[in-house]
Amino acid sequence: MRYNKHRLFIEKVNAQSIAKKVDTPFYCYSFNKLKTNINNFKKNFNKIDPLICFSVKSNNNLYILRIIKKFGLGADVVSKGELLRALKAGISPNKIVFSGVGKTKEEINFAIDKKILLINAESEDEINVINKIAIKKKKKVNVGLRLNPNIDAKTLKKISTGRNEDKFGVPEKIFLKIIRKFNSSSTINIRCLSVHIGSQILDHKPYLRMIRVIENIIKKSKNKFDYIDLGGGMGIDYGLNSKKLNYKKYSSSIERLLKKYKVKFIFEPGRSIIGDTACLITKVIYVKSSTKKNFIILDSAMNDFMRPALYGSLHRIIPTVKNNKILKKIHDFVGPICETTDRFLTLKKYQQLKENDTLAICDVGAYGIVLASNYNLRPKPAEVLINNSSLKIISKRENINKII
Ligand code: LLP
Numbered sequence: 039m040r041y042n043k044h045r046l047f048i049e050k051v052n053a054q055s056i057a058k059k060v061d062t063p064f065y066c067y068s069f070n071k072l073k074t075n076i077n078n079f080k081k082n083f084n085k086i087d088p089l090i091c092f093s094v095k096s097n098n099n100l101y102i103l104r105i106i107k108k109f110g111l112g113a114d115v116v117s118k119g120e121l122l123r124a125l126k127a128g129i130s131p132n133k134i135v136f137s138g139v140g141k142t143k144e145e146i147n148f149a150i151d152k153k154i155l156l157i158n159a160e161s162e163d164e165i166n167v168i169n170k171i172a173i174k175k176k177k178k179v180n181v182g183l184r185l186n187p188n189i190d191a192k193t194l195k196k197i198s199t200g201r202n203e204d205k206f207g208v209p210e211k212i213f214l215k216i217i218r219k220f221n222s223s224s225t226i227n228i229r230c231l232s233v234h235i236g237s238q239i240l241d242h243k244p245y246l247r248m249i250r251v252i253e254n255i256i257k258k259s260k261n262k263f264d265y266i267d268l269g270g271g272m273g274i275d276y277g278l279n280s281k282k283l284n285y286k287k288y289s290s291s292i293e294r295l296l297k298k299y300k301v302k303f304i305f306e307p308g309r310s311i312i313g314d315t316a317c318l319i320t321k322v323i324y325v326k327s328s329t330k331k332n333f334i335i336l337d338s339a340m341n342d343f344m345r346p347a348l349y350g351s352l353h354r355i356i357p358t359v360k361n362n363k364i365l366k367k368i369h370d371f372v373g374p375i376c377e378t379t380d381r382f383l384t385l386k387k388y389q390q391l392k393e394n395d396t397l398a399i400c401d402v403g404a405y406g407i408v409l410a411s412n413y414n415l416r417p418k419p420a421e422v423l424i425n426n427s428s429l430k431i432i433s434k435r436e437n438i439n440k441i442i
């Protein structure tokens, strides 16, 4: 996104002109930004040559998944629904890993039948269930075991996953016990050690600590792992602080591990691939002036984009047409939903706004549309993709009559 003569452009398309063709609010993605992100991710880890499994939970739009597949990525899925969607996008089963603490028997059955690369188990009970199903099917199943390395990734508390108090993975002691138990099993093949310590991580140090824990446990387990799945979690710049993840340091620590143990590394990035490829285009319904502030009441709300209400996360809001009339008054950007948390952002000043002005809520590509709901019986927004000067609707706005 960039401004040209005060007008916001997404690739070569004037953002305001899209809002004349498509009902607001809608998600607007940039194909070329997505392509750049994928290429950068590959470049950052080129010495490792990992299998990159896009985390479908961050964005499951079929069209987006098809693009991701074209660039050679696999998928990290957490439900039968996501697995079906990834397969529908043409992603090969041998590039799909299945994570999650509560896979049902039906989901495990389905994953085994589809011959996916790995089922990443998160408890002893789960491996026992996989084992029972494998015995019934007379099959040997490739499994990953998720380690909880007890590392605080120093990210938002609500999205931390790698501490002992979090529900994910198994602690070291149980990890080693499970490895011993299935050491010579004819039905369970524990080929992968998997971890994932959190999301929106901008400090490389927790990752380096994680690598040390992994190395230690490989030594202790004496197991030959074919894969080490390092999960995702790489943070992006939401434009609010200038901190950037040091990929070089993270990658070098993995390279050292690779020299000792000849394994294939897997990553499960979501946000770092899709997060900054999209904005949510929205219109001002009313400007409500109160004594202390201006409420900018938008036509998008927490049902369209949940992150600010759910995690208190901040996303920049920028005008599609800039003017120079700056108003020094508190501006509260809110949606029409009957909840006080239906607020996107509060700023001390903003350019003068009026009804029908169009704005862009930035960096909403990850955990955006996937978290949308019908709260207040509002239809979910459309998704459009821009590629140079072309525009394609990649998901229609929900039809209000259908949802009623
Ligand atoms: N692998 C596993 C096992 C995960 O649990 C996750 C995210 C990922 C990969 C992808 O992580 P990423 O590269 O996108 O950080 N809704 C929250 C984030 C929840 C993340 C859940 N797990 C948010 O909007 O910030």
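So the sequence shown is numbered by this note's numbering: it starts at 39 and just counts up by one. Every residue, glycine too, gets a C-beta built ideally from N, C-alpha and C.
So, for residue i: in the same chain, excluding its five sequence neighbours on each side, which residues have a beta-carbon less than 6 Å away from its beta-carbon?
| i | result |
| --- | --- |
| residue 418 | 410 and 436 |
| residue 279 | none |
| residue 73 | none |
| residue 240 | 273, 281 and 283 |
| residue 52 | 45 |
| residue 414 | 375 |
| residue 246 | 291 |
| residue 175 | none |
| residue 106 | 92 |
What residue range does the alpha helix (DSSP H) around residue i cover?
| i | result |
| --- | --- |
| residue 251 | 242 to 259 |
| residue 119 | 118 to 126 |
| residue 346 | 345 to 349 |
| residue 294 | 285 to 298 |
| residue 218 | 210 to 219 |
| residue 148 | 143 to 151 |
| residue 174 | 162 to 175 |
| residue 100 | 100 to 108 |
| residue 310 | 309 to 312 |
For residue i versus residue j, is the C-beta spacing smaller than 9 Å?
| i | j | result |
| --- | --- | --- |
| residue 266 | residue 298 | no |
| residue 331 | residue 367 | yes |
| residue 412 | residue 321 | no |
| residue 118 | residue 92 | no |
| residue 373 | residue 425 | no |
| residue 111 | residue 230 | no |
| residue 207 | residue 160 | yes |
| residue 248 | residue 189 | yes |
| residue 306 | residue 135 | yes |
| residue 89 | residue 127 | no |
| residue 56 | residue 391 | no |
| residue 191 | residue 244 | yes |
| residue 121 | residue 152 | yes |
| residue 232 | residue 158 | yes |
| residue 255 | residue 210 | yes |
| residue 352 | residue 276 | yes |
| residue 405 | residue 137 | no |
| residue 423 | residue 69 | yes |
Could you round the C-beta distance between residue i and residue j to whole angstroms and report it? I think they count as a contact, below 8 Å.
| i | j | result |
| --- | --- | --- |
| residue 416 | residue 339 | 7 Å |
| residue 226 | residue 168 | 7 Å |
| residue 318 | residue 402 | 5 Å |
| residue 94 | residue 114 | 7 Å |
| residue 311 | residue 76 | 6 Å |
| residue 370 | residue 384 | 5 Å |
| residue 407 | residue 382 | The Cβ separation is near 16 Å, so there is no contact. |
| residue 162 | residue 216 | 6 Å |
| residue 235 | residue 182 | Not a contact, Cβ separation roughly 15 Å. |
Looking only at its chain, what residues have a beta carbon closer than 8 Å to the beta carbon of residue i, apart from the 5 residues adjacent to it on each side?
| i | result |
| --- | --- |
| residue 86 | 289, 292, 293, 296 and 303 |
| residue 420 | 60, 61, 64, 65, 431, 433, 434 and 435 |
| residue 389 | 357, 360, 361, 362, 363, 364 and 365 |
Residue i lies in the beta strand (DSSP E); which residues open and close that run?
| i | result |
| --- | --- |
| residue 407 | Careful: residue 407 lies outside any beta strand (DSSP E) and carries neither H nor E. |
| residue 49 | Unbroken run through residue 49: none, as it is neither H nor E. |
| residue 370 | 368 to 372 |
| residue 397 | 396 to 399 |
| residue 74 | Taken as a continuous stretch (DSSP letters only), residue 74 belongs to no beta strand (DSSP E), being part of the alpha helix (DSSP H) at 69 to 82. |
| residue 302 | 302 to 305 |
| residue 428 | 428 to 433 |
| residue 326 | 316 to 327 |
| residue 438 | Run containing residue 438: none in the beta strand (DSSP E); it sits in the alpha helix (DSSP H), 438 to 441. |
Please go through the same chain and pick out, in chain order, the residues whose beta-carbon is closer than 7 Å to the beta-carbon of residue i, but skip the five residues on each side of it.
| i | result |
| --- | --- |
| residue 285 | 82 |
| residue 438 | 417 |
| residue 100 | 123, 126 and 127 |
Cβ-heavy atom distance between residue i and the ligand MN below 8 Å?
| i | result |
| --- | --- |
| residue 114 | No copy of the ligand MN occurs in the structure displayed; its ligands are the ligand LLP alone. |
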